[in-house]
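The sequence shown lines up with residues 98 to 409 when you count with my numbering.
All C-beta atoms, glycine included, are put in the ideal place defined by N, C-alpha and C.
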Amino acid sequence: MENQEQLDKFSAYVQQELKIEAKDWMPEQYRKTLVRQMAQHAHSEVVGMLPEANWITRAPTLKRKAILLAKVQDEGGHGLYLYSAVETLGVERDDLVNDLNHGIAKYSSIFNYPTLSWSDIGAVGWLVDGAAIVNQVSLQRTSYGPYSRAMIRICKEESFHQRQGYVIMMKMAQGSAEQKKMAQDSLNRWWWPSLMMFGPSDKDSTHSQQNMAWRIKRHSNDELRQKFIDMTVPQAEYLGLTIPDPDLKWNAEKGQYDWGEIDWDEFWNVVKGNGMCNKERVAARKKASDDGAWVREAATAYANKRKTSKVA
Ligand code: BYC
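Right, dumping it as C-alpha cells:
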C-alpha cells in the first residue's frame with residue numbers, strides 16, 4: 098500500500114540528489130517505469146550490435162576490423178550491465194529477453210535502419226553513439242543507483258565508439274570524390290533517424306513529466322535533441338559535409354541552431370514495428386537464442402550434475 102506521506106517522502110528524497118537503491122522503498126510506478134526504460138535500453142544495446150556486426154567481415158583493413166569487433170563486443174557488455182541492473186528491480190532477465198525475441202519489447206528505433214556501406218559504420222559511430230552519449234551523460238545523474246552506475250561505465254566506452262565513427266567519417270570525407278559521396282550519403286540517411294532517437298517531442302512524450310519529477314530523466318527529449326544538434330553541426334562542417342536539413346541555421350539570439358521538422362509519421366511507423374529492418378532484427382535475435390539453446394541446456398545439465406554429486 099502506498100500512502101501520500103510515503104510518496105512525498107520519496108519525492109523529497111530524490112530532490113536532494115540522493116540515489117534510490119535496489120532494496121529501498123519505491124513507488125510501484127517508479128519501479129515499473131524503470132523496468133520499462135532500462136529493459137528497452139538493454140535491448141537497444143543488444144539489437145544495436147546487429148547493424149554493425151553486418152560489416153565485421155567486410156571491414157576495409159585488419160585494424161578497422163579489430164576496432165569494430167571491440168566496439169560491437171562493448172555493446173554486448175552494455176546490454177549485460179543493463180539487464181543485471183533491471184534484475185535488481187525484481188524482474189527476470191529470461192522474461193525480458195523472451196519479450197524481445199517475440200517482438201513484444203521495444204528497443205531504439207534507430208536500429209531498424211540498414212547499414213548499406215562502410216561509411217554507414219562511420220555514421221553510426223559518429224551520430225548514433227554521439228546521440229546515445231548525449232542521452233546517457235544525462236542519465237548518469239538518474240535517481241536509481243544501479244542505472245546511474247551502469248551509465249557511468251557505459252559513457253566511457255561510448256566516447257571511444259563515437260570517436261572511432263568520426264575517424265572513419267574523416268577518412269571517407271577526405272578521400273576520393275566517390276568516398277566523400279558515400280560519406281554524404283550516409284549522413285543524409287542517418288541524420289533524421291538519429292534525431293528520432295531522443296523520442297517524441299516533449300508535448301507528445303507520455304512519460305517525461307513524471308520521470309523528470311522522479312529524476313529518472315534529467316533533461317527532456319527536446320532539450321537533449323537540441324544539445325546533440327548544436328554539438329554535431331560544427332563536426333559536420335569540419336568534415337565538409339552538409340546536414341540534410343534546408344531549415345538548419347544558427348540563431349544568434351538563442352545561441353543555438355534552428356532546424357526543420359522531424360517526420361513523426363516515420364518515427365511512429367518504425368516504433369510500431371513497420372520500419373525497414375524490424376522483422377529482420379527480431380528474427381536475428383530469435384535465431385541467436387534458438388541456436389544457443391544447446392549451450393544453455395548443457396550448462397544446466399552440468400550444474401545439476403554437480404549439485405547431485407555434491408549432495409551424494
Ligand atoms: N525508439 O514518453 P516517451 C546505443 C517510445 S543504444 C523506440 O518520451 P521515455 C548503441 C517510448 O519507449 C542506446 N521507442 O518515453 C548500441 C514510449 O513507449 P512505451 C539506447 C521510443 O521513456 C549499439 C513512447 O515512445 N539508448 O547507444 O520517457 C550500437 C513515448 O516516449 C523511442 C536508450 O535506450 C525511440 N527512439 O523517453 C550503437 C536510452 N523514443 O514504453 C549504439 C534510454 C521513445 O510507453 N532511454 N520511444 O511503450 C531513454 O532515455 C528514454 O526511454 C527515451 C524515451 C528518451 C528514449
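Candidates 210, 295, 177, of which the one nearest residue 283 by Cα: 210
Close Cβ partners of residue 182 (< 7 Å) along its chain, the five nearest in sequence each way excluded: 135, 243, 244, 247
Buried or exposed (CB count within 10 angstroms, at least 16 for buried), residue 212: buried
Cβ-based neighbour list, residue 342, same chain, cut-off 6 Å, excluding 5 preceding and 5 following: 356, 357
Residue 368: CB within 8 Å of a non-hydrogen atom of the ligand BYC: yes
Alpha-carbon spacing of residue 278 relative to residue 214, whole angstroms: 11 Å
Proximity test, residue 151 beta-carbon vs the ligand BYC heavy atom, cut-off 8 Å: no
Reference residue 176; option with closest CA among 393, 202, 145: 145
Given residue 339 as reference, the closest of 314, 155, 270, 302 once Cα atoms are compared: 270
Beta-bridge partners of residue 134, as assigned by DSSP: None; residue 134 has no bridge partner.
Residue 323, DSSP secondary structure in three states: helix
Spatial distance of residue 234 from residue 407 (CA atoms): 47 Å
Range covered by the beta strand (DSSP E) that runs through residue 346: 346 to 348
Closer than 8 Å: residue 221 CB and nearest the ligand BYC heavy atom: yes
Sequence-distant residues of its chain with Cβ nearer than 8 Å to residue 302 (five each side left out): 296, 317, 318
Any beta strand (DSSP E) of 3 or more consecutive residues that is wholly inside the stretch 320 to 403: 346 to 348, 353 to 355
Cβ-Cβ distance between residue 130 and residue 224 below 9 Å: no
Among 155, 133, 218, 306, nearest to residue 190 - alpha-carbon criterion: 133
Unbroken alpha helix (DSSP H) run spanning residue 187, endpoints: That residue, residue 187, is in no alpha helix (DSSP H); it is neither H nor E in DSSP.
From 315, 257, 327, residue whose alpha carbon lies closest to that of residue 166: 257
Short Cβ contact (9 Å threshold) for residue 266 with residue 345: no
For residue 117, the three-state DSSP class (helix, strand or coil): strand
Distance, residue 187 Cα to residue 312 Cα: 21 Å
Residue interval of the alpha helix (DSSP H) (run including residue 258): 242 to 270
Pairwise C-alpha distance: residue 138 and residue 179: 7 Å
Per-residue DSSP class, three states only, for residue 290: helix
Proximity below 9 Å, CB of residue 174 to CB of residue 254: yes
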